[in-house]
Structures are given as C-alpha cells and as structure tokens.
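Remarks on the structure that follows.
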Amino acid sequence: YKGERNRTSNATQGEESAEVPSGEAPISEASGILEVMQDGFGFIRCENYLPGENDVYVAPNIIRRFNLKTGDILRGVTKGKSQNEKFAALTHLEGVNGYSPEVAASRGNFENMTPIFPNKKLTLESPGASIAMRIMDLICPIGKGQRGMIVSPPKAGKTTLLKEVAQSIRRNYPDIHLIVLLIDERPEEVTDIKEFIEGPNAEVIYSTFDELPEHHKRVSEMVIERARRLVEHKQDVMILLDSITRLARAYNQVIPPSGRTLSGGLDPAALHMPKRFFGAARNMREGGSLTILATALIETGSKMDDVVYEEFKGTGNMELILDRKLQEKRIFPAINIQKSSTRREDLLLSREELDVVNRMRRSFNSMKADEMVDQVINLFSRTRTNADFVRLFEKQML
Numbered sequence: 153y154k155g156e157r158n159r160t161s162n163a164t165q166g167e168e169s170a171e172v173p174s175g176e177a178p179i180s181e182a183s184g185i186l187e188v189m190q191d192g193f194g195f196i197r198c199e200n201y202l203p204g205e206n207d208v209y210v211a212p213n214i215i216r217r218f219n220l221k222t223g224d225i226l227r228g229v230t231k232g233k234s235q236n237e238k239f240a241a242l243t244h245l246e247g248v249n250g251y252s253p254e255v256a257a258s259r260g261n262f263e264n265m266t267p268i269f270p271n272k273k274l275t276l277e278s279p280g281a282s283i284a285m286r287i288m289d290l291i292c293p294i295g296k297g298q299r300g301m302i303v304s305p306p307k308a309g310k311t312t313l314l315k316e317v318a319q320s321i322r323r324n325y326p327d328i329h330l331i332v333l334l335i336d337e338r339p340e341e342v343t344d345i346k347e348f349i350e351g352p353n354a355e356v357i358y359s360t361f362d363e364l365p366e367h368h369k370r371v372s373e374m375v376i377e378r379a380r381r382l383v384e385h386k387q388d389v390m391i392l393l394d395s396i397t398r399l400a401r402a403y404n405q406v407i408p409p410s411g412r413t414l415s416g417g418l419d420p421a422a423l424h425m426p427k428r429f430f431g432a433a434r435n436m437r438e439g440g441s442l443t444i445l446a447t448a449l450i451e452t453g454s455k456m457d458d459v460v461y462e463e464f465k466g467t468g469n470m471e472l473i474l475d476r477k478l479q480e481k482r483i484f485p486a487i488n489i490q491k492s493s494t495r496r497e498d499l500l501l502s503r504e505e506l507d508v509v510n511r512m513r514r515s516f517n518s519m520k521a522d523e524m525v526d527q528v529i530n531l532f533s534r535t536r537t538n539a540d541f542v543r544l545f546e547k548q549m550l
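Numbering (my numbering), first residue to last: 153 to 550.
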C-alpha cells in the first residue's frame with residue numbers, strides 16, 4: 153500500500169497509475185460504505201449497503217493503519233481487477249466520512265462517549281407543515297438524541313407521520329444526516345418514500361418483504377454502524393425506522409435457538425440486536441447525537457407483535473401512540489394525546505409551553521380520547537404557530 157505519499161495530490165495519483173502494470177485495467181475512483189470482515193479485510197459496498205458485483209476489496213493493513221470500521225464511507229482510487237481477481241482493490245485512500253484519513257484515524261469510539269438526556273429540541277413545526285407536527289412539538293417533543301417510539305395499529309397513519317417528520321427535519325435542519333430504514337416494507341412504499349425524501353444528507357435504505365430475514369438483519373446492522381461512525385465525528389444523525397417489530401421478527405428467524413421461548417413464539421435472544429439498535433440513540437456530552445424514531449406495531453392479531461412492544465415499552469424516552477378508534481372515526485392525526493408523552497420534556501419545552509401542556513392535559517383528562525383530540529385539533533387549527541396557540545390557550549384558561 154502506497155500510504156507514505158501525499159494522498160490528495162494529482163502527482164501522487166499519476167505516480168500510482170504509472171505503477172499499475174500495463175496488462176491490468178486502469179485505475180478508477182471508488183466510494184461507498186465499508187464492511188469489515190472477521191478476518192480483518194473489508195469491502196466497500198456500493199449499492200444499498202449490501203454485497204454486489206462492483207464491491208472493492210480493502211486490505212487489512214489499510215484498515216488497521218487508519219482505524220477504519222464498519223460503517224465508514226470511503227473514497228479512494230482502485231486498481232481495476234484482472235482476469236484472475238473477483239474484486240477490484242483499493243490502492244489509495246483519499247477520504248473517510250468526508251474527512252482526511254488522518255483525522256478519521258484519531259477519532260474516539262462511540263462506546264466511550266458520555267450519553268446525556270436530550271436537551272436541544274428539534275422543532276418539527278414549519279410553514280405548510282401539518283397539525284400533527286405542531287401537536288408533536290408540544291405533546292411529545294423530540295430532542296437531539298431522542299429514543300422515540302411511534303406505537304401504531306395497522307392503517308393508523310404511521311408511515312405518513314414518518315414521512316412528515318422526515319420532511320420537517322430536512323426543511324428545518326439540513327445539517328442533520330437523515331437515514332430512513334425500511335424493513336419488510338412493500339416495494340411501492342419504498343419508491344414513494346425515496347421520491348418524497350430524496351436530497352442531500354438524506355438516505356433511504358430498505359429491505360422489502362420479499363427478501364430473506366438475513367437480508368433484513370444485514371441491512372439494519374450496516375445502518376446502525378453507519379450512524380455510529382458519523383456520531384464519532386460529532387455529527388447529528390437521525391434514523392427513522394419502520395418498523396422495529398418487523399426487525400425483531402427477522403432476528404427471531406435467523407438467530408440460533410436459545411432453548412427458551414416467550415409467548416407468541418418469540419425467542420428472548422432475538423431481542424438483543426434490535427435492543428442494541430434502538431439503544432444506540434443518545435445525546436453525547438462530547439458533541440454529536442443519534443436520534444432514533446422507530447414504529448412498533450400493535451393490534452395486528454399476532455401475539456408476537458404485542459410481546460415485542462411490551463419488551464421495548466420501557467426502553468424509549470418518548471412515546472407517540474396512534475389510536476385505531478380515532479382512525480376509524482376519520483380523525484387525523486389519530487394521536488392519543490392522553491397516552492403520548494416525552495420523558496424530561498422540561499429540558500425541551502419553554503416554561504410557558506410546559507405550563508400550557510400541563511394545564512391542557514388536566515383540563516381535557518376527563519374527556520374521551522376522540523373528544524380530546526377534536527378539541528385540540530380545533531384549537532390548533534385556529535392558530536398559525538405554536539406560539540400563537542400558547543397565547544390563545546392562556547387567554548381561554550384565564
């Protein structure tokens with residue numbers, strides 16, 4: 153590996169290309185996500201984070217020298233593969249996650265960073281945004297590093313809600329790296345979301361329902377490693393996962409049986425990796441954050457889905473509950489305001505907002521869920537912004 157020379161100069165590239173024997177293919181540019189194998193070597197994956205024909209081999213000495221890990225985005229020069237070689241090989245590393253290789257080599261480890269409560273609010277409200285985003289901003293606010301769960305029965309609007317959250321984040325926080333992970337999803341939904349969210353600093357990674365469970369597992373592990381590498385560079389990352397229930401189902405099919413079974417046929421060992429995925433969400437004292445919003449399915453008729461939800465219930469620090477009864481009455485957004493909340497919301501809301509939310513919950517507490525949502529939607533629709541809503545509510549309660 154020619155690592156001693158300056159990696160960014162054109163002269164260097166010229167020297168390296170001159171050293172490629174004439175019988176081999178010419179050098180070319182390569183970029184993609186790195187997957188490090190157990191034996192120490194790795195591959196740059198080019199398509200949807202998965203193995204393919206155009207993968208590039210990365211030698212163990214390059215990985216050791218620059219402290220490269222699974223999930224790093226590499227950019228460099230490759231030597232074209234010869235007739236006897238299956239993959240092209242990386243000969244010249246130019247960048248790691250948008251930084252120079254030397255900067256990447258000196259970064260810290262995700263596991264050694266200090267997690268703290270989310271204390272910087274991510275405002276979803278924006279001109280033209282739906283009332284659902286404004287309700288979320290007050291009832292269950294999201295902060296940088298939030299570990300949130302959207303609990304939903306079928307056809308209650310969870311995918312639409314995720315799309316609106318993604319759009320608000322892209323509009324209000326273009327510097328946040330957004331990853332939408334779709335597991336066991338319908339192909340047409342994947343296309344719809346990709347077209348809806350396409351743009352810089354946004355990725356849609358997917359594994360459709362016609363793929364093997366091993367495929368779901370591999371994609372999800374690459375995505376969480378990608379997010380961890382960005383946080384190590386003190387960047388803010390957000391993952392929208394649809395859904396954690398289907399991810400747990402996939403792991404239940406691929407892990408070796410532990411000999412124990414929970415109700416619904418769920419092996420307890422199948423929950424370890426989904427919990428590791430969900431538990432990676434955190435706000436870092438040293439800088440950077442990983443925010444995860446994951447959907448969880450309930451009322452599907454499957455006992456396993458209910459068990460998965462119960463197992464994850466206490467692990468998040470924000471819950472948004474969608475209600476089937478509201479959806480059947482055509483009330484959108486079908487948010488159950490009484491049951492939805494965020495832990496330590498006092499760190500995210502102003503004193504006035506917190507006071508209004510507490511008074512609103514107390515005053516509407518005796519109502520049925522549909523009546524309460526009707527009242528709240530009516531109040532929100534009479535105002536343009538949440539600041540106006542807070543002032544209006546304070547006047548009405550005086």
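Each residue gets a CB set at the ideal place from its N, CA and C atoms; glycine is no exception.
Predicted model, so just to flag it, every value in this text is computed and none were measured.
Practice task
Measure the Cβ-Cβ separation of L344 and F361 and say whether it is below 9 Å.
Solution key: Residue numbering aside, residue 344 sits at position 192 when the sequence shown is read from its first letter. Residue numbering aside, residue 361 sits at position 209 when the sequence shown is read from its first letter. Going by the sequence as given, residue 344 is Asp instead of Leu. F361 sits away from D344, with the two beta carbons spaced by 9 Å or more.
Exercise for the section: Using the Cα positions of L186 and N206, report the straight-line distance between them to the nearest angstrom. Expected result: Numbered from 1 along the sequence shown, position 34 holds the residue referred to as residue 186. Numbered from 1 along the sequence shown, position 54 holds the residue referred to as residue 206. Rounded to whole angstroms, the separation of the alpha carbons of N206 and L186 is 13 Å.
Handout entry: Cut-off 8 Å between Cβ atoms - residues of its own chain near S180, not counting five sequence neighbours on either side
Key = Here residue 180 refers to the residue found at position 28 when the sequence shown is read from its first residue. Correct list, in chain order: V229, T230, G232, A240.
Practice task
Could you say if the segment 446–463 and the segment 298–313 meet the contact criterion of at least three C-beta pairs nearer than 8 Å?
Solution key: Output reads yes: the segment 298–313 touches the segment 446–463.
Handout entry: K231: first and last residue of the uninterrupted beta strand (DSSP E) it sits in
Key = Counting from one through the sequence shown, the residue named residue 231 turns up at place 79. Its beta strand (DSSP E) spans residues 225–231.
Handout entry: DSSP beta-bridge partners of P267
Key = Residue 267 sits at position 115 when you count from the first residue of the sequence shown. Paired residue(s): M436.
Exercise for the section: For the segment 266–275 and the segment 402–415, state whether three or more C-beta atom pairs, one from each stretch, are separated by less than 8 Å. Expected result: Flag = no, the segment 266–275 and the segment 402–415 do not touch.
Practice task
Specify, as a first and last residue, the run of the beta strand (DSSP E) that E181 falls within.
Solution key: Counting from 1 along the sequence shown, the entry for residue 181 is found at position 29. 180–188 is the span of the beta strand (DSSP E), which, as asked, contains E181.
Handout entry: According to DSSP, residues forming a beta bridge with L445
Key = To locate residue 445, count along the sequence shown from 1; it is residue 293. DSSP links L445 through a beta bridge to G300, L392.
Exercise for the section: Determine the burial state of Q298: buried for a count of at least 16 other Cβ atoms within 10 Å of its Cβ, exposed for fewer. Expected result: Here residue 298 corresponds to residue number 146 of the sequence shown, with the count starting at 1. Q298 should be labelled buried.
Exercise for the section: Assuming S454 contacts I283 (C-beta within less than 8 Å), just tell me the rounded distance between them. Expected result: For the purposes of this step, residue 454 is identified with residue 302 of the sequence shown, where counting begins at 1. For the purposes of this step, residue 283 is identified with residue 131 of the sequence shown, where counting begins at 1. At roughly 32 Å, the Cβ-Cβ gap does not stay under 8 Å, so S454 and I283 are not in contact.
Problem - Helix, strand or coil at A354 [DSSP, three-state] - result: Within the sequence shown, residue 354 is the residue found at index 202, counting from 1. In the structure shown, A354 sits in a strand (DSSP, three-state: E or B).
Problem - Buried versus exposed call for N249 [16 or more other C-beta atoms within 10 Å across all chains shown] - result: On the sequence shown, residue 249 is found 97 positions in, with the first residue counted as 1. The residue is buried, with at least 16 neighbouring Cβ atoms inside 10 Å.
Practice task
Pull up the distance between the alpha-carbon of K315 and that of K346, whole angstroms please.
Solution key: Residue 315 sits at position 163 when you count from the first residue of the sequence shown. Residue 346 sits at position 194 when you count from the first residue of the sequence shown. Taking the straight line from one Cα to the other gives about 10 Å.
Exercise for the section: Indicate whether L478 and A521 have their beta-carbon atoms separated by less than 9 Å. Expected result: As a position in the sequence shown, residue 478 is number 326, starting the count at 1. As a position in the sequence shown, residue 521 is number 369, starting the count at 1. Yes. Within cutoff.
Handout entry: Distance between N488 and V525 (C-alpha atoms, nearest Å)
Key = In the sequence shown, residue 525 corresponds to position 373, counting from 1. In the sequence shown, residue 488 corresponds to position 336, counting from 1. Their Cα atoms are separated by approximately 7 Å.
Exercise for the section: Please say whether A432 and I376 have beta carbons closer to each other than 9 Å? Expected result: As a working mapping, residue 376 is identified with position 224 in the sequence shown. As a working mapping, residue 432 is identified with position 280 in the sequence shown. For I376 and A432, yes; Cβs fall inside 9 Å.
Exercise for the section: Let me know the secondary structure DSSP gives M470 once reduced to three states. Expected result: For the purposes of this step, residue 470 is identified with residue 318 of the sequence shown, where counting begins at 1. Taken through DSSP and simplified to helix, strand or coil, M470 comes out as strand.
Handout entry: Separation of V332 from A354, as counted between CA atoms
Key = Here the question's residue 354 lines up with position 202 in the sequence shown. Here the question's residue 332 lines up with position 180 in the sequence shown. For A354 and V332, the distance between alpha carbons rounds to 8 Å.
Practice task
Look at L330 and M390 and say whether their C-beta atoms are less than 9 Å apart.
Solution key: As a first step, residue 330 must be located in the sequence shown, where it is residue number 178. As a first step, residue 390 must be located in the sequence shown, where it is residue number 238. Taking 9 Å as the Cβ cut-off, L330 and M390 qualify as a contacting pair.
Handout entry: H367 (DSSP reduced to helix, strand or coil)
Key = Taking the sequence shown and counting its residues from 1, one reaches residue 367 at position 215. H367: helix per DSSP, three-state reduction.
Problem - Which of helix, strand or coil DSSP assigns to E205 - result: Taking the first residue of the sequence shown as 1, we reach residue 205 at position 53. Judged by DSSP in its simplified three-state form, E205 adopts coil rather than helix or strand.
Exercise for the section: With a 10 Å radius around its C-beta and 16 neighbouring C-beta atoms as the bar for buried, classify T537 as buried or exposed. Expected result: As a first step, residue 537 is located in the sequence shown; it is residue number 385 there, counting from the start. Note on T537: under 16 other CB atoms within 10 angstroms of its CB, so exposed under the neighbour-count rule.
Exercise for the section: In the DSSP assignment, find the unbroken alpha helix (DSSP H) run with D507 in it and report its ends. Expected result: Within the sequence shown, residue 507 is the residue found at index 355, counting from 1. For D507, the enclosing alpha helix (DSSP H) covers residues 503–516.
Handout entry: Where H329 sits in the DSSP three-state scheme
Key = If you number the sequence shown from 1, residue 329 lands on position 177. Looking at H329 - three-state DSSP - the assignment turns out to be strand.
Practice task
Give a yes or no on contact between the segment 254–265 and the segment 420–431, applying the rule of three or more CB pairs nearer than 8 Å.
Solution key: No, the segment 254–265 does not touch the segment 420–431.
Exercise for the section: Measure the C-alpha to C-alpha separation of A422 and M288 and round it to an integer number of angstroms. Expected result: Along the sequence shown, one-based indexing puts residue 422 at 270. Along the sequence shown, one-based indexing puts residue 288 at 136. If I take the Cα positions, the gap works out to 31 Å.
Exercise for the section: Check whether the Cβ atoms of M440 and V383 lie closer than 9 Å to each other. Expected result: To locate residue 440, count along the sequence shown from 1; it is residue 288. To locate residue 383, count along the sequence shown from 1; it is residue 231. Per the sequence shown, the amino acid found at residue 440 is Gly instead of Met. Their beta carbons are under 9 Å apart, which means G440 touches V383 by this criterion.
Practice task
Check whether the Cβ atoms of S492 and E471 lie closer than 9 Å to each other.
Solution key: On the sequence shown, position 340 is the one that residue 492 refers to. On the sequence shown, position 319 is the one that residue 471 refers to. Taking the C-beta atoms as reference points, E471 is found nearer than 9 Å to S492.
Practice task
From the DSSP output, in three-state form, read off G250 for me.
Solution key: Counted from its first residue, the sequence shown places residue 250 at position 98. Correct three-state label for G250: coil.
Exercise for the section: Look at R380 and G223 and say whether their C-beta atoms are less than 9 Å apart. Expected result: Position 228 of the sequence shown, counted from the start, is the residue given in the question as residue 380. Position 71 of the sequence shown, counted from the start, is the residue given in the question as residue 223. In this structure, G223 lies closer than 9 Å to R380 by Cβ.
Practice task
Return yes when the Cβ of G309 is within less than 9 Å of the Cβ of F484, no when it is not.
Solution key: Residue 484 sits at position 332 when you count from the first residue of the sequence shown. Residue 309 sits at position 157 when you count from the first residue of the sequence shown. Their beta carbons are under 9 Å apart, which means F484 touches G309 by this criterion.
Practice task
Have a look at L442, E438, D458 and flag the residue whose alpha-carbon is nearest the alpha-carbon of G416.
Solution key: Counting from 1 along the sequence shown, the entry for residue 416 is found at position 264. That would be D458, whose Cα lies nearest to the Cα of G416.
Problem - Beta bridge counterpart(s) of H244 as assigned by DSSP - result: Position 92 of the sequence shown, counted from the first residue, corresponds to residue 244. Assignment of beta-bridge partners to H244 by DSSP yields V229.
Handout entry: Start-to-end residues for the alpha helix (DSSP H) that takes in G431
Key = As a first step, residue 431 is located in the sequence shown; it is residue number 279 there, counting from the start. From DSSP, the alpha helix (DSSP H) with G431 extends over 424–431.
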